[in-house]
Amino acid sequence: MLARYVWADLLRNPRRMLSTVAGVFLGVGLACAILFFVDGLSASMTQQAVAPLPIDMQQVLSAPPAGNILFTLSLEPAGAVAPGDIVHVRLELVNQGQTAVNELVVRAIPDDALVYIPGSATRDGSLLANALENPFAAGPAKAGLNIGTLAAGTTVILEYDLEAIAATAAIAQPIAATYSSREAVTPVVANAAAPLNPAELAARLRAIEGIAFAEQLAFVDLPAGALAASRPTDSLVRVFGFDQSYTSHDRSILISEGGQTAGAAMLSAEAAAYLAVSVGDTVTLALPDGASLELAVSGIVDLTQARSLFSSRRGADFETFIYIPNAIIVDSALFAEVVVPAFERVAADRGERVKNPPIHEIALGVDRERLDAEPAVALRQTEQIAAQVAATAGEQGYLLDNISNALTVARADANLAKRMFAFLGVPGAILAATLAAYAGIVLAGAQRREQAILRIRGANRRHLLAMLALRVSTITLTGAIIGVVLGYSTAVSVVGSAALGRAALTSLATSAVLGTLAGLLATGGALYVTGRRSIDHEINEEKARLWSEPPAWWQYRLDLAGLLLLAIATGITAAMGGFAGMPGSVYVGRPVDLPIELLVLPIAAWMAGALLGGRGLAAILRRGQAHGSTIGARPLQFLYQRSIRRRVWVLVDVAVILGMVIALGTSLAIFAASYDGAKIADARFIVGSDLKIWPSPGNERLYGSADADAFMVPGVKRVTPVIFGVHNVILRSNRTSEVANLAAVDADTYAQIAPLQDAHFPGSSAASELSQLAGQPDALLLSVEMADFLQAEVGDTVRVLLARGSSEQVEIELGLTGVFERLPGFPDGADALMNLARHEEMVPTTGPAFFLAQLSDPTDAVLQMTVAHLRSAQSSGDTLQIETRLSALAQDQSSLAALNIAGLLKLDSGYSLAMGAVTVGLFVFGLLLQRRREYVTLRAQGMAPAAIRTLIAAETLTAAAAGCVVGVLVGCGMSYYLVRVLRPLFILEPQLQLPGRSLLLIVGSVLVAALVTVIMASSLVNRLRATELLRDE
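At position 439 of the sequence shown (counting the first as 1) the number is 569 in this note's numbering, and the numbers step up by one without a gap.
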């Protein structure tokens, strides 16, 4: 019976039900939309994380044992023995290779249950001298026996006896036998399987499920002069061994001319230019054993961006991009059959030691189409593949798992993004609950008559609470169904159906359930609480409270207490460096550490600020009570002022809610604009300006610093040349020296073009330091880290070895004039900065590594047009590699820096503005509902309907305008906290940016919603009749 009555009541008052349901489905829709939005973003993070990787995994092979020794261990008897039994040990080493093995040491450590029988050790049947102690595990260090040199094709047999002093049935490894040599320092275990050669290992790895390709890569460095044509090269030469199939997978290898042919060679563009050779000519490669290799040139290649080839595999420089201009590429078979044996022959020559032997590795690519869209699942997939690779390779080297490293960071970033966006959705949930509570108050006021009649007819508190529960359940269930559909639809409109289609169904289902529960708890709870409070109070008391009683937050000064706590928390956080966070690093596998818990601060600022705005509005309106006008000649103005004085808190309530709506939209708009601005600033800092231009070294035209004007195409304002290289100089102070990355610039134009930051020049400014560099040809700037390492101070003299490792190397003295923390345009890091003219004076043949260009108009359209002009202006066959601030991607930057914050802005702002419109509608509906007796009386006294509509419009616009003012001010403060919390995502300090157009749109939307609602209410005013008096108490 109660259910039928509730259902009939809902159908009898459709406007009342729809206005309440609107608050529910907006709350559920917002919660679901944010969770679906996060699912879509997470589903795209896998592809985003792995996209920059040219090579997914690298199986770096350990150097194969020189001489290809077969080492076997046999025991007689081979099984379990009893105490007192004798075990005969036989060790056989066969050199199956073509070179001798030097300083061969054999070590065999028996288990504690077996002891050596003195004098039993023999070599090829002859007793060993001084064999009273075990010669294969002598002394406390268990040192092995040095048997000297084992010539190619020879065998040595070592034998000795052990006595069992305990049963050996449970011994897993009775003897641990290994050998090592001067050529193979890492011990090799006896009876180990013969190591696979790179070709065999690549074939086996290629068969692993999930591996898309497995290609051989080998390289070795030869001294200056090793590569020659009409003249020898004057600097280090790197020899690569890989096949055409490898080139097809590494898009950073650009073939400028010709192609790759078996038995021939490709030359780097720099080497070809220096040797004055082209396709079809012949070059000579001098090998370390004195032999030489004549090779036809089949292609010219640009390797300047091939990080996978030149990233260091050694020590402290691991993964550092150290480019070697003189490079030659041969096929894998030629490298294995000619180059490697030459090094083996050198290693076999006693007295010679190869410091830098050839490095072999297998470059692996994962089938990315099989990877799950969720980074956590994709990581498990790549780790399983890596485990299979490691099992297949065995002890042959180590695995560099680049893709799992990237996905580890992406997984943490995805989890952090979920928490961050969920936290950013909290204000929307609070707003939905506030709106539902406001709707509940209006609904409670509308139900006073019904509840009074029911009480007269015998309904008690239990009946009313049961009816309330049924009403709230029906409203929330209806709103939840609509909200889930609305949430999914809006998420699709923001992130796209493709992104959500990649998300797992379980993840989407979980989001739907969690979003529905969150929305229901927020809105349904608010509806039930307000309805129950109405039932628990007497009707007349509820009516008086609704109109004139101050709310609890005003009475207990919760707004002031909240602001005080906010100020204290902000001060403590700033003092402890809580806003700093920890920048992420893909390189070291460290995800970004955002202090997500600090997002409580903007939420606290939002709520306390809105309430403080309400307190200020109440003070203004209450002050006006003492200065109210008399009815006089302006009855409409008198009625407006009287109405406001009587209903101060009704107006304050709606102004606070609207203020929260506007504040949320404002803060997100400022946050999104600041986020995008920070991304653009970071991109310009990485690039060095709007454009970075690398002329290919294979071009017919070689660009010098004087050729900067060649890039002054339409759209370009300034161009400056930059000389730069990794480990291109040696810096020497009076105390120590260090290899460093030096850049040489034209200080005047670099200062105008590059986005220099004063904060990066401790104790000085960018303009001052660059001015000194421009005015003093012998000036030098050092990074803070390098200055500390060299123990150099401003005013000291630093010796700089330019053109390091070439025939033109020269050492000059420069005066240290300042230090810097980082410079724009050098993602690999610059340790020193000097004057370009001085560098060219000392090393005239060194040309710019790249040019930086600044645009006359920073818009994206002009940027794209300028890039097109630059490419079309080049001669036929010449190419430019151009990096722009749009395409820049910091190799070590977190994927969180590329999140779709604009999408979050659309979601939150869209729902918030819809809630604002519903709030205005509820306010107007409440006016008509609560004051219909007053309006009917005014009509009876002769007031025209237009005047009543004007009165309603004035009150509505007053509340809307007050809410807009409060909202914009609070939103600005809220955005400050949001931007500070996200500081670790960026290189530069994010700056607050006020998007005027977005703010006008937000404020205008609320004001337009108020006007539309007033217009819609006009029809209701026209239908007011005197019989409405009978509906009031």
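We treat Cβ as the ideally placed atom computed from N, Cα and C, and that holds for glycine. Given the structure is predicted, the values throughout are model-derived calculations rather than measurements.
One or two residues paired with residue i in a DSSP bridge
{"i": "Gln188", "result": "Ala493, Leu530"}
{"i": "Trp824", "result": "Gln1011"}
{"i": "Met964", "result": "Ala874, Leu910"}
{"i": "Tyr309", "result": "Val236, Val318"}
{"i": "Gly945", "result": "Ala909, Thr927"}
{"i": "Asn225", "result": "Ile199"}
{"i": "Asp120", "result": "Since the first residue shown for the chain is 131 and the last is 1163, residue 120 is missing from the structure and cannot be characterised."}
{"i": "Asn276", "result": "Val235"}
{"i": "Gly855", "result": "Leu872"}
{"i": "Thr703", "result": "Looking at the DSSP assignment, Thr703 forms no beta bridge with any residue, so it has no partner."}
{"i": "Ile612", "result": "Paired residue(s): none; Ile612 is not in a bridge."}
Coarse secondary structure for residue i, derived from DSSP in three states
{"i": "Val1144", "result": "helix"}
{"i": "Tyr246", "result": "strand"}
{"i": "Leu148", "result": "helix"}
{"i": "Asp291", "result": "strand"}
{"i": "Arg916", "result": "The sequence as given places Met at residue 916; Arg does not occur at that position. Residue state, collapsed to three classes: helix."}
{"i": "Ala268", "result": "strand"}
{"i": "Asp812", "result": "helix"}
{"i": "Leu724", "result": "coil"}
{"i": "Gln1004", "result": "coil"}
{"i": "Thr363", "result": "coil"}
{"i": "Phe956", "result": "coil"}
{"i": "Gly340", "result": "coil"}
{"i": "Ile800", "result": "helix"}
{"i": "Met842", "result": "coil"}
{"i": "Arg134", "result": "helix"}
{"i": "Arg675", "result": "Because Arg675 carries a pLDDT of 49, less than 50, the predicted location of this residue cannot be relied on, and no value is offered for it."}
{"i": "Phe1116", "result": "coil"}
Residue environment, residue i, which counts as buried when at least 16 other CB atoms sit within 10 Å
{"i": "Thr989", "result": "exposed"}
{"i": "Arg591", "result": "exposed"}
{"i": "Ala521", "result": "exposed"}
{"i": "Glu672", "result": "Any answer about Glu672 is weak, because its pLDDT of 45 lies below 50 and its placement is not dependable; what the coordinates show is given next. Burial call: buried."}
{"i": "Tyr686", "result": "exposed"}
{"i": "Ser204", "result": "exposed"}
{"i": "Gly410", "result": "exposed"}
{"i": "Gln1023", "result": "Low confidence applies to Gln1023: its pLDDT is 48, below 50, so where it sits in the model is not reliable enough to give any reading."}
{"i": "Arg1015", "result": "buried"}
{"i": "Ala674", "result": "Unreliable placement is indicated for Ala674, whose pLDDT of 45 sits below 50; the coordinate value is still reported in the next sentence. The residue is exposed, with fewer than 16 neighbouring Cβ atoms inside 10 Å."}
{"i": "Lys809", "result": "buried"}
{"i": "Pro213", "result": "exposed"}
{"i": "Ser1017", "result": "exposed"}
{"i": "Arg934", "result": "buried"}
{"i": "Val614", "result": "buried"}
Whether residue i touches residue j by CB criterion (8 Å)
{"i": "Val801", "j": "Leu366", "result": "The question names Val, but residue 801 in the sequence shown is Phe. In this structure, Leu366 does not lie closer than 8 Å to Phe801 by Cβ."}
{"i": "Phe950", "j": "Val852", "result": "no"}
{"i": "Ala998", "j": "Ile823", "result": "no"}
{"i": "Thr176", "j": "Ala503", "result": "yes"}
{"i": "Ser360", "j": "Leu234", "result": "no"}
{"i": "Asp461", "j": "Ala402", "result": "no"}
{"i": "Val1136", "j": "Val786", "result": "no"}
{"i": "Thr732", "j": "Met995", "result": "Residue identity check: residue 732 is Pro in the sequence provided, not Thr. No, Cβ-Cβ distance for Pro732 and Met995 is not below 8 Å."}
{"i": "Val158", "j": "Leu650", "result": "yes"}
Near the ligand NAD: residue i beta-carbon under 7 Å from a heavy atom
{"i": "Lys272", "result": "Of the ligands one can find in the structure shown there are none, so the ligand NAD has no counterpart to examine."}
- request: Indicate whether the contact test is met: 3 or more Cβ pairs, each with one atom in the stretch 505-521 and one in the stretch 536-556, closer than 8 Å.
  value: yes
- prompt: Should the stretch 335-348 be regarded as contacting the stretch 268-278, the criterion being three or more beta carbon pairs within less than 8 Å?
  reply: no
task: Determine contact between the stretch 869-877 and the stretch 962-969, defined as no fewer than three beta-carbon pairs at a distance below 8 Å.
output: yes
message: Using a Cβ distance threshold of 8 Å, determine whether the stretch 217-229 contacts the stretch 197-207, with at least three qualifying pairs required.
response: yes
query: Using 8 Å as the threshold, is the stretch 891-903 in touch with the stretch 827-839, meaning 3 or more CB pairs across them?
result: no
message: If contact is defined by three or more beta carbon pairs under 8 Å, each pair taking one atom from either stretch, is the stretch 881-891 in contact with the stretch 938-952?
response: yes
- prompt: Is the stretch 1090-1107 touching the stretch 738-745 in the sense that three or more CB pairs, one from each, lie closer than 8 Å?
  reply: yes
- prompt: Pairing CB atoms from the stretch 253-270 with CB atoms from the stretch 309-317, are three or more of them under 8 Å?
  reply: no
message: Any contact between the stretch 779-786 and the stretch 1073-1091? By contact I mean 3 or more CB pairs, one from each, below 8 Å.
response: yes
query: Do three or more CB pairs link the stretch 863-870 to the stretch 913-923 at distances below 8 Å?
result: yes
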